[in-house]
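>
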Amino acid sequence: MAPISQFDYEPVNWEDYPATSTPLSSANLNKMDQAIYQLAAILNELTSHINDIEGLNESIEGDMKSYTRQAIAETLNQLASS
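In case it helps, this note's numbering puts the sequence shown at residues 5 to 86.
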């Protein structure tokens with residue numbers, strides 16, 4: 005698994021109308037749009053890793069149950085033959 009890169013975002017710090025220092029422009033909207041896209045990609049990658057881990061946990065739990073049943077059966081067989 006490759007490490008997930010850190011995400012940095014510089015907020016626009018919007019000001020209300022009639023201020024002109026934060027114009028509603030394609031540059032500002034595209035900046036937010038790109039940040040949302042990057043965060044969604046990171047979230048999707050994290051979700052994939054979580055699903056992988058949950059699958060491994062289920063597999064381990066199944067293996068443990070199987071191993072425990074087998075160990076109990078072997079112990080009972082040993083006790084019965086003693």
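A virtual CB, placed ideally from N, CA and C, is assigned to each residue, including glycine.
#1: Is T26 helix, strand or coil when you go by DSSP?
#2: Using beta-carbon positions only, say whether V16 and T24 come within less than 9 Å of one another.
#3: Could you give the distance in angstroms between the alpha-carbon of D67 and the alpha-carbon of Q10?
#4: Rounded to whole angstroms, what is the Cα-Cα separation between Y13 and P22?
Short version:
#1: Numbered from 1 along the sequence shown, position 22 holds the residue referred to as residue 26. Of the three classes helix, strand and coil, the one that applies to T26 here is coil, per DSSP.
#2: Indexing the sequence shown from 1 puts residue 16 at position 12. Indexing the sequence shown from 1 puts residue 24 at position 20. No. Outside cutoff.
#3: Translated into the one-based positions of the sequence shown, residue 67 becomes position 63. Translated into the one-based positions of the sequence shown, residue 10 becomes position 6. So the two alpha carbons sit approximately 36 Å from each other.
#4: Reading the sequence shown from its first residue, position 9 is the one you call residue 13. Reading the sequence shown from its first residue, position 18 is the one you call residue 22. Each residue's Cα considered, the two are about 25 Å apart.
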